[in-house]
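**Student:** Residue numbers (this note's numbering): 1050 to 1230. Quick reminder that beta carbons are idealized off the backbone N, C-alpha and C, glycines included. So that we are looking at the same thing, I have put the structure below in C-alpha cells.
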Amino acid sequence: MEKNSNWEFPKNNMDIKKIKIEDAEKMLKFFHELVVADTERVERTQDVDNITLEMEENWILGRIKKEDEEKEMVVRIIEDGGKIVAEGEVEKLSRWIERHVAEIRFGMLPGNEKQTLEMVNELCLKAKKIGIEVLQYFHLETQKAGIEIMKKAGFSEFGRAEKYYKRGNEYIDRIYMQKIL
1050 MEKNSNWEFP KNNMDIKKIK IEDAEKMLKF FHELVVADTE RVERTQDVDN
1100 ITLEMEENWI LGRIKKEDEE KEMVVRIIED GGKIVAEGEV EKLSRWIERH
1150 VAEIRFGMLP GNEKQTLEMV NELCLKAKKI GIEVLQYFHL ETQKAGIEIM
1200 KKAGFSEFGR AEKYYKRGNE YIDRIYMQKI L
C-alpha cells in the first residue's frame, strides 16, 4: 500500500479515460453502487432505480456531443479492471458573461481518492484547454472526502449557503469552492 496524507491507496492499473457509449451499462452499475456506498450524495437509490439503459445511453451521447462538437464539457471516468469507480466532468456555464467559468463535479466509490484526485487534476488541465479560467465546485458540507480532494487539487472555499439541504429534520450547508486556472 502506498501512503499519502491520511489515505491509503492500493497500487493498481486504473485508467482515466474519456467516456464512450459502450460504457453505459457500467455507468449504470457504478451509479447504483455509488448511491449505496456514498450516503452524502443528493441522489437517492429510488431516483437511480428509475434510470434505464436507454436513458443512460442518451445521457452519455449528450455529454460526448458537448465535449467533441460543442467544446462545452469534459467528461472522464476511472476504470479498475473494467469496472467504473469514478466519474468526473467539467461543464461551462451558459451565459455569455460567464463563459470562462465552469462547474466541476464528480462521484467516486470509497477507496479511490488518490485516483479521483488525479482525475480532477486532469479535468482542470482539460478545462483550461477549452478556455475555462475559473472552476467552481459545490457540495454538502458533510461530503468530507470530496471537499478534501478539491482542497488537495488547489480549490479553496469561497462561500456557503446555510441550511441549503434538508435531510429529515437535519439541515446541511452547501459549501462553494473555486480554483482560478
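Please report the distance separating the alpha-carbon of K1115 from that of K1215.
**Tutor:** As a first step, residue 1115 is located in the sequence shown; it is residue number 66 there, counting from the start. As a first step, residue 1215 is located in the sequence shown; it is residue number 166 there, counting from the start. Looking at the two C-alpha atoms, the distance is approximately 32 Å.
**Student:** Under the assumption that F1155 contacts E1140 (Cβ atoms under 8 Å), give the Cβ distance between them as a whole number of angstroms.
**Tutor:** For the purposes of this step, residue 1155 is identified with residue 106 of the sequence shown, where counting begins at 1. For the purposes of this step, residue 1140 is identified with residue 91 of the sequence shown, where counting begins at 1. The Cβ separation is near 12 Å, so there is no contact.
**Student:** Mind checking who V1152 pairs with in its DSSP beta bridge?
**Tutor:** As a first step, residue 1152 must be located in the sequence shown, where it is residue number 103. Inspection of the sequence shows that residue 1152 is occupied by Glu rather than by Val. In the DSSP output, where bridge partners are listed per residue, E1152 has E1140 and Q1185.
**Student:** With 16 other CB atoms within 10 Å as the buried threshold, where does K1078 fall?
**Tutor:** If you number the sequence shown from 1, residue 1078 lands on position 29. Counting Cβ neighbours within 10 Å, K1078 comes out exposed, since fewer than 16 surround it.
**Student:** For a test of the three-state rule: what should DSSP assign to I1221, helix, strand or coil?
**Tutor:** The residue given as residue 1221 occupies position 172 in the sequence shown. DSSP places I1221 in strand when its eight states are reduced to three.
**Student:** Under a three-way DSSP split, which group does V1034 fall into?
**Tutor:** Summary: the structure shown does not reach residue 1034, with the chain confined to residues 1050 through 1230, and so no result is reported for it.
**Student:** Going by the beta-carbon positions, is the gap between E1138 and M1157 smaller than 8 Å?
**Tutor:** Counting from one through the sequence shown, the residue named residue 1138 turns up at place 89. Counting from one through the sequence shown, the residue named residue 1157 turns up at place 108. Their beta carbons are not under 8 Å apart, which means E1138 does not touch M1157 by this criterion.
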